[in-house]
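Those protein sequences? They're chains A and B, same order as listed. Quick note on numbering: my numbering labels position 61 of the first sequence as 61, and the sequence is numbered without any gaps. If you want my numbering, it's the position in the second sequence, counting the first as 1, plus 1000. From the three backbone atoms N, C-alpha and C, an ideal C-beta is built for every residue, glycine too. Since this is a predicted model, take the numbers as computed values, not measurements. Remarks on the structure that follows.
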Amino acid sequence: MIHLEHLTKEYDMPGGKAGKLVAANAIDLTVPRGEIFGLIGPNGAGKTTTLKMICGLLAPTAGRVTVHGVDVERHPEQAQRHLGYLADFFSVYDDLTVWEYVDYFAHAYKMAEAVIPGRVDDVIRIVGLEAKRDSFISGLSRGMKQRLGIARAILHSPPILVLDEPTSGLDPKARHELKQLLVELNRAGATLFITTHILSDVEEICTSVAILEKGVLLRCGPLAAVMQEARGGRRLRVRLAAPGFGLAEWLAAQPGVTEVMADATSAVFLLAGDDARTAELVGRLVVAGAPVCGVEDASENLEALYSRLSSGETM
Amino acid sequence: MIPLWKNPEFIRNCRAQLRPRRLALVASIVAALSLVVGYALSQANSTGWGRAYLVAVLYAQILTLFLGGGVACSRAISQEREQNTFDYQRVTQLTSLEIALGKLFGAPAISYFATFCMFPAALVGDVAANIPIGRLLTAYLLIFTGAIAFHSVALFVSLCTSKSAGGITGVWGVGLVVVFFLVSSASEASRMFLELGSLGPGAAVEFALHGSWDVEAPTAPIMGHAYAGSAWTDVFFGIPLHHVPVLLVLYLILTAWCLLPLARNLKRDPALLELFSPAQSVGLLAYINLILVGFYVTDRPAFGLQREYGAPLLSVTFGFFLVANMTLLCVLGLVLLRNREQSRRLAHRRGASGFDWREAAWPAMYILAGAACAAALFLARFARPGVFKNDLDAGFAVFVSVLLLATLLRDLCFLQWMNMRRSRRPLMQGIILLWVFYFCGGILLAMARFSKPVHTAFMAIVSPWGLAISGAEEQQRWSLFPGPWYVGLAIQIALVTFFAAQYYKSMAELRPAALPAPASAGTAGD
Ligand SMILES: Nc1ncnc2c1ncn2[C@@H]1O[C@H](COP(=O)(O)OP(=O)(O)OP(=O)(O)O)[C@@H](O)[C@H]1O
Ligand SMILES: [Mg+2]
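Laid out in structure tokens, this is it:
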């Protein structure tokens, strides 16, 4: 669906300093149909730059983007027909009403004249702005403007949605609703490419994820695979009913066990291998006389993984 | 292509501007003003008030349309960029031309409305002054076509004045428009070089009051007056034409030349703005030259100053075209200059194989092509015996053209190099430096006047621009001491090479460093 080939964007260093600022460094990436693809990274990682290049708003310094097999730079209009785009800044015409705004874009996307009135009302309803249908946009709150932007992006039912921080500025309820909406759109066949700083959102709805830092893709792939690969195994926590068993020493002596952190009655460690290896290890632990009362998955979440991968930059 | 009345961009502008309350306000203001002014005029001057009223209304309409609409258009694109709304327009299915047309007619919507509100007043004036309605309608045709042309220039300026384009071309655009309308509204002045009437909107008012459809070619000068014949006759390549259709055609072509860069660039990444393709730039230059050559007066002296010679002089014509073309080439050269972003992309595309000297000496190739075009037109039209009194040494003419061209290229290559500096407005800095250079050079040149050979050498090397207009005197100087002039030319060419080499070097810096470290990137989902 979306295919980035060696995509590069260079800027000058700010303030006339020597050297160059690489906002996207030869990114190769394919987002297949039907994914909800999350692009995460700290401020200034190059997420917005990458997104704008996908939409044909920024010309790459080198490399190529194809959407649906269409080269975005060569045939922007043909490619943009398949794209719905939401920028990280909301930007609306203050002097129009909500309805006029949506109607404008319906015509600008050259939708069939007959379906426009119905579709305009539909999307206004979907994003929950019916009550504001005839109000001027200048009077809307930040979150409402964001919703209006989403209405605009999904208006022409594009098969691909490219959304830059879609949940920013929304209240918890609206955020939840938006995530529901995104999942629904995805079920209905849309491919989503989103950036966000909220990692729990990514874990909740994304099927694939890429971590970008200083223009370089650190990790990329299906969510579970990225996490598993990054961990190099599974992290387990063992709890004992009573102290007295030398858990740390015993674990350290086992093959495939690393990163043991233990106190008198519990330990967290990394085990290379699958479920069978886990079962076998627990079996041997019981046989060795440990009063095991619990074994649980202590996998780190994306946030922890992210902070371990990134070089001290914050999100 | 969407018809205008269905153009969403046009409709959006109209919706935003033409709210009922606003319309009522504008209409009542216009009505009040029309009534009061009309009443006052009819009281003050009971016989000729119709004429005075019509003129007042027409100029009010011109002012509203040209100024109000022009300002709206000149902000139409840059404002949208500042508001961040432009990106959303760029990702829609509207083509650049559709957006441009929507803005061209939509942005001045309220000005159009106010102008329409003044129609009744104009009609009253017309009837009171007993002017045939056909003439008034013709005047309106001229005013509206002129306004569209002017608005398209303003929209073009708006395209150029984005932050990333450096705003410098925008300054040029505004300057050109101001010059254009100042010069053209004085019709006597515009008849000085060209057998072409006033180009400004004032011509329309003039036509409403005194217009006639007679076509009569001007004849030889009579009693020191530059021309005789009908004031509404233009002469193009010797063919007398009525000024009204000529003006309409010129307006429409101007609109087309402004819409061309809009259609090319509106949806483009603003950092990669390329107003005209090189071929189009040369085409524009050829078009302007065609107009100048076609309308240039041939059968009477062009300047009042020349009247004493009795016949038109080739050297004056040559000077006129040299100055005109150097100015045009300079503007086109500035438009063609590459910014860092464009150079960077080029550097990446070419990779290690590098570029040749034609890339380094950018935009020399196209400047030379444009100059060749202009020269060919000039020769085809004027280098025939009997057109002018030939007081021009051909060798001198060729040499001056080449020397000035080399100097222009020197400055452009310098600016191209400067444009690669990492700063916010590198081109502006370059132009300021160049200005300082010419300013100091001018002072020194004036001081060197006391010693002729030094002055000549100085002029040949630093600033030979004076050659274009100082005709006979310099011609003599050139034939007496040709040495310094040739040295001057050699130095200009050496400087072009030097600046081109500097640009080449800074291009090389932008080339990608070897191969970037392979990112540990996989492919999602497979
Ligand atoms: N027009 C520009 N000129 C110069 N540098 C730029 C420009 N636009 C972006 N950059 C730089 O490129 C880098 C990437 O910016 P980008 O906006 O893509 O980051 P981001 O990942 O979207 O950050 P955020 O999380 O804050 O939205 C930043 O270092 C930024 O300073
Ligand atoms: Mg961003």
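- Annotation for His3/A: the continuous beta strand (DSSP E) segment containing it runs Ile2 to Asp12.
- Comparing alpha carbon positions, the residue from Leu1427/B, Leu1332/B and Thr1497/B closest to Arg1358/B is Thr1497/B.
- Within the segment 62-90 of chain A, contact with chain B at the beta-carbon level (separation under 7 angstroms) is assigned to Ala62, Pro76, Glu77, Gln80, Arg81, Leu83, Tyr85, Ala87 and Phe89.
- The DSSP assignment places complete alpha helix (DSSP H) segments of no fewer than 4 residues inside the segment 65-113 of chain A at 76-80 and 98-108, in order along the chain.
- Pairing Ala106/A with Val92/A gives a Cβ-Cβ distance that is not under 7 angstroms.
- Distances taken from the Cβ of Asp201/A to the heavy atoms of ligand 2 include none shorter than 6 angstroms.
- Among the CB atoms of chain A, one or more fall inside 7 angstroms of the CB of Ser1423/B.
- At least one heavy atom of ligand 1 falls within 6 angstroms of the beta-carbon of Lys47/A.
- With fewer than 16 other Cβ atoms from the protein chains shown falling within 10 Å of its own Cβ, His1210/B counts as exposed.
- For Asn43/A, the CB falls within less than 6 angstroms of some heavy atom of ligand 1.
- Neighbours of Lys1267/B in chain A, taken as residues at a C-beta separation under 7 angstroms, are given in chain order as Pro76.
- In terms of Cβ geometry, Leu240/A and Pro291/A form a close pair [threshold 7 angstroms].
- Phe105/A reaches chain B at Thr1092, counting residues in chain order whose Cβ is nearer than 7 angstroms.
- Between the segment 1098-1112 of chain B and the segment 111-118 of chain A there are fewer than three C-beta pairs closer than 8 angstroms, too few to call the two in contact.
- In the DSSP annotation of this structure, Glu165/A is not part of any beta strand (DSSP E), being labelled neither H nor E.
- Interface annotation for the segment 1070-1098 of chain B against chain A: Gln1083, Asn1084, Thr1085, Asp1087, Tyr1088, Gln1089, Arg1090, Val1091, Thr1092, Gln1093, Leu1094 and Thr1095, criterion Cβ-Cβ distance under 8 angstroms.
- A direct Cα-to-Cα measurement between Thr1064/B and Val1026/B gives close to 12 angstroms.
- Cys55/A is the residue among Cys55/A, Ala87/A, Gly84/A and Tyr85/A whose C-alpha sits nearest the C-alpha of Val72/A.
- Under a criterion of Cβ atoms nearer than 7 angstroms, the residues of chain A adjacent to Ala1016/B are, in order, Tyr93, Asp95 and Leu96.
- Excluding the 5 residues flanking it on each side, Ala1208/B has same chain C-beta neighbours closer than 6 angstroms at Arg1135, Leu1136 and Ala1139, in chain order.
- At least one heavy atom of ligand 1 lies less than 6 angstroms from the C-beta of Ala23/A.
- For the segment 1364-1386 of chain B, the set of residues with a beta-carbon nearer than 9 angstroms to any beta-carbon of chain A is empty.
- For Asp88/A, the Cβ falls inside the 6 angstroms cut-off from some heavy atom of ligand 2.
- About 6 angstroms separates the CB atoms of Leu1159/B and Leu1262/B; that is less than 8 angstroms, so the two are in contact.
- In the structure shown, Gly38/A adopts extended strand secondary structure according to DSSP, grouped into three states.
- Of the other Cβ atoms in all chains shown, 16 or more fall within 10 Å of the Cβ of Asp103/A; this residue is therefore buried.
- The beta carbon of Val238/A lies closer than 6 angstroms to those of Ala267 and Val295 in the same chain, with the five residues before and after it left out.
- By the rule that beta-carbons nearer than 7 angstroms mark a contact, Leu1272/B touches chain A.
- Secondary structure note for Cys55/A: it is in no alpha helix (DSSP H), with a DSSP letter that is neither H nor E.
- For Ile1110/B, the CB contacts under 6 angstroms within the same chain, skipping 5 residues up- and downstream, are Gln1017 in chain order.
- For Pro1008/B, at least one C-beta of chain A is nearer than 7 angstroms to its own C-beta.
- Annotation for Lys1505/B: the continuous alpha helix (DSSP H) segment containing it runs Pro1482 to Leu1510.
- The beta carbon of Ala1500/B sits closer than 6 angstroms to the beta carbons of Ala1360, Ala1361 and Cys1413 from its chain, once the five residues preceding and following it are set aside; these are given in chain order.
- Leu1199/B and Leu1058/B have their C-alpha atoms roughly 16 angstroms apart.
- By the neighbour-count definition (other C-beta atoms within 10 Å, threshold 16), Gln1475/B is a buried residue.
- The closest heavy atom of ligand 1 lies less than 6 angstroms from the beta carbon of Tyr11/A.
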